[in-house]
Amino acid sequence: MTALNLLCLPYSGASAMVYNRWRRKLPAWLQVRPVELPGRGARMAEPLHTDMQVLARQLASEQRLATSAPYALLGHSLGALLAFELAHELQALGCPAPLALFACGTAAPSRREDYDGKNWREPKSDAELIRELRELQGTPEEVLANAELMSLTLPTLRADFLLCGTYAYRQRAALQCPLHVLGGADDRASDEQLQAWRQETQAEFSLQMFPGGHFFIHEQEDNVLGALTASLEPLRLSA
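The sequence shown begins at 1 in the UniProt record's numbering and counts up by one.
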């Protein structure tokens, strides 16, 4: 019964602890390991990052030992881009490749042309950030109206949007691990943008769509976790 660690990277404005509840729903052999980013959760005292490559390199250094056991990477939205960059940085360090990479809820790194329409390369005001949260429909209205909660959340969100807005795709040799893309049927990424993830791996590729918008990973949690388990169980047995 080989255990497999699932390193989970959070979406914009979130702590990696959003994945904690998955621990109760996944089989014992699949162990959720939230990867907390600087500036949030237990790392609140550390400075926030606005450079994806710098952050990925730091996380690779921190997670290097974790790769000595069988592992997979997962990220949603910003976390998907970060998981992709982390896979490349771990490879550059000579670490074992993940058994799989799960990219959820965002266009492929090479197809982000529609994501610059709001010019996320520049810091946004509180009002602009709240408007974007409202459009994404993942934050309850009572939270958006709570000034104290927003004062804690918005600096992280502002930095995370800069991480995405300033992200620059770099052409590199394709990854060696299977790459599984999960998307929401009503999310902004087109089928072409999701399919473009295919070019980022030399191994197996899959695209699975779920009902719902950007936060389908929560709206369709049981189905998403079922898909993760189905993809990883054969890899665990052969690890």
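The C-beta atom is built at its ideal place from N, Cα and C for all residues, glycine as well.
For this session: Taking 9 Å as the cut-off, decide whether the C-beta atoms of residue 203 and residue 106 are in contact.
Result: no
Exercise. Leaving out the 5 sequence neighbours to the left and right, which residues in its chain are closer than 8 Å to residue 174 when beta-carbon positions are compared?
Worked result: 199, 200, 201, 202
Problem set entry | residue 210, DSSP secondary structure in three states | strand
For this session: Go ahead and pull the three-state DSSP assignment for residue 215.
Result: coil
Problem set entry | With 16 other Cβ atoms within 10 Å as the buried cut-off, status of residue 44 | exposed
Exercise. Quick check: the region 2-21 against the region 45-52, are there 3 or more CB pairs under 8 Å?
Worked result: no
Exercise. So is residue 85 buried or exposed if we call it buried at 16+ other beta carbons inside 10 Å?
Worked result: buried
For this session: Would you mind reading off the limits of the alpha helix (DSSP H) that contains residue 79?
Result: 78-92
Problem set entry | DSSP-derived helix/strand/coil call for residue 199 | helix
For this session: Decide if residue 127 is buried, meaning its Cβ has at least 16 other Cβ atoms within 10 Å, or exposed.
Result: exposed
Problem set entry | Stretch pair the region 214-233 + the region 154-174: three plus CB contacts closer than 8 Å | no
For this session: Look up residue 5 in the DSSP assignment and give the residues it is bridged to.
Result: 31, 71
Exercise. Per DSSP, what kind of secondary structure is residue 225 in: helix, strand or coil?
Worked result: helix
For this session: For residue 206, collect the residues of the same chain with a Cβ closer than 6 Å to its Cβ; drop the 5 residues on either side in sequence, then sort them by chain order.
Result: 180
Exercise. Between the C-alpha atoms of residue 31 and residue 217, what's the straight-line distance to the nearest angstrom?
Worked result: 18 Å
Problem set entry | The beta strand (DSSP E) enclosing residue 184, as first and last residue numbers | 179-184
For this session: Throw me the rounded Cβ distance for the residue 78 and residue 163 pair, which I believe falls under 8 Å.
Result: 6 Å
Exercise. How many whole angstroms separate the CB atoms of residue 4 and residue 236, which I take to be in contact at a CB cut-off of 8 Å?
Worked result: 5 Å
Exercise. What are the partner residues of residue 103, as DSSP defines its beta bridges?
Worked result: 75, 181
Problem set entry | Sequence-distant residues of its chain with Cβ nearer than 7 Å to residue 17 (five each side left out) | 34, 41
Exercise. What residues match up with residue 205 in a beta bridge as DSSP calls it?
Worked result: 179
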